[in-house]
Amino acid sequence: MGGISKRTRTTKTKLIMEATDNFKATIKKYLDVKASSDELFAKVYSNEKKSLSECIKFILTEVRKSGKCAMSDDEVYGIAIHYYDEANVKVDDDVSVRVVFPNTGIEISEEEKEEAKRKAIEAYQQELKEKMLNDAMVKKSKKKSKTINQPTLF
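According to my numbering, the sequence shown is numbered sequentially starting from 235.
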């Protein structure tokens, strides 16, 4: 697998599953709160023909159809409510999208932090060097253009 250790693959898979579980839990919590405060929604939410898994698939399908790479919480919640409100919604079984859920609690080691900091400093220093060289080149070209002697006819 091209240099990726089994431990790294397992960690990435675990993080994706945790993000997916967090996504499901967040949607469920929102819908539960909505149902407890809205009697009309509570009736459609308790429909036995609807399920949270199908709701999640519907959300992912609608996001993919929209062509967006990101959506606000309210947009996602609106899609979830739409799933329960509509009697005949089409849920695509082939949902191949990746859910990225913020605040999943990913922790990095002190060594990884130091490496990232070192790389950021190196990139910043390189950027400054390039800017200084560019500024020096501009100054040289301005000096050359000022000192060009034009021949005179006299």
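Even for Gly, the Cβ is constructed at its ideal location relative to N, Cα and C.
- In this structure, DSSP gives V323 a state outside helix and strand, which the three-state scheme calls coil.
- Taking the Cα of Y279 as reference, the smallest distance to any Cα among A259, A350 and E320 is reached at E320.
- Contact check for Y317 and K284: beta-carbon distance about 7 Å, within the 8 Å limit, so the pair qualifies.
- Here T386 is exposed, its C-beta having fewer than 16 other C-beta atoms within 10 Å.
- When D308, I293, E344 and E346 are compared, the shortest CA-CA separation from V325 is found for I293.
- N281 carries a coil assignment under DSSP once its states are collapsed to helix, strand and coil.
- In summary, E348 is exposed, with fewer than 16 beta-carbon neighbours lying within 10 Å of its beta-carbon over all protein chains present.
- Taking C-beta atoms as the reference points, F257 and K268 fail to come closer than 7 Å.
- Under the three-state reduction of DSSP, G301 is assigned to coil, being neither helix nor strand.
- Per DSSP, reduced to three states, the secondary structure at D369 is helical.
- Going by C-alpha positions, K277 is about 19 Å away from I290.
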